[in-house]
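Working notes for the structure below.
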Amino acid sequence: MDHVARIQAAWARVRPDLDVTPIGVIGRLHRVGILLTEQLKVIYRRFGLSEGEFDVLATLRRAGEPFERAPGEIAAHTMVTTSAVTKRIDRLERAGLVTRRRSAKDGRGRVVALTPAGRDLIDRAFVEHVRNEQRLLADLTPEQVTQLERLLTIWLEKLEPPRPG
């Protein structure tokens, strides 16, 4: 009996009037999320990055040439506030991994871009990140991975607010 099953059983014993079935799914998903995050952070730390810094660099890299975005776009692609993105960008800029400049389109706006060192770092880190994710899924069959992805996609579509335009 795993940790979640013990909690579920205890609740069923003390509150037999409630259907505690959701604890089995939500509790395990929550624990899996925590454990996965810890396993992912191992790779980020290996490259001297926090989870948030990895996310910013990956967002810039995914943008394609010239590997730049406005801070607001970075916030939208990382699901964090603009102020949190600013702190991450400050650290990345001090490390020489990104630059910040005024936007050519809007003189008041800013653009954040990967430096060559930032691109090299995220390319190397991303290779290890993908290998790590493959390792984490290795105990599941390809069919189970496909089924899990499909179920999580359906559920996420129901929970996540619609993205603007």
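Each residue of the sequence shown is one higher than the last, beginning at 986 in this note's numbering. Positions of the beta carbon are idealized from the N, C-alpha and C atoms, including for glycine. Because the structure is a prediction, the values reported are computed rather than measured.
List the whole-angstrom C-beta distance separating residue 1054 from residue 1097, where the pair is believed to meet the contact cut-off of C-beta under 8 Å. 6 Å
Inter-residue spacing [alpha-carbon to alpha-carbon] between residue 1122 and residue 1090: 43 Å
Spatial neighbours of residue 1036 within its chain, please: CB distance less than 8 Å, with the 5 preceding and 5 following residues excluded, ordered by chain position. 1022, 1025, 1026 and 1029
Given residue 1048, which residues of its chain have a CB within under 7 Å of its CB, disregarding the five upstream and five downstream residues? 1054
With DSSP as the reference, identify every bridge partner of residue 926, one or two as the case may be. Within the shown structure, residues of the chain are numbered from 986 to 1150, placing residue 926 beyond reach of any answer.
Does DSSP put residue 1035 in a helix, a strand or coil? coil
When you compare only the Cα positions, how much space is there between residue 990 and residue 1087? 54 Å
Please report the Cβ distance between residue 1008 and residue 996, rounded to the nearest whole angstrom; I am assuming they are in contact, meaning their Cβ atoms lie under 8 Å. 6 Å
Find out if the Cβ-Cβ distance for the pair residue 1110, residue 1039 is shorter than 8 Å. yes
So, for residue 1070: in the same chain, excluding its five sequence neighbours on each side, which residues have a beta-carbon less than 6 Å away from its beta-carbon? 1056, 1059 and 1060
Beta carbon of residue 1045 nearer than 8 Å to that of residue 1099: yes
Please list, in chain order, all residues of the same chain as residue 1063 whose beta carbon is under 8 Å from its beta carbon, the five residues on each side excluded. 1037, 1040, 1041, 1044 and 1070
If we call anything under 8 Å between Cβ atoms a contact, is residue 1125 one with residue 1133? yes
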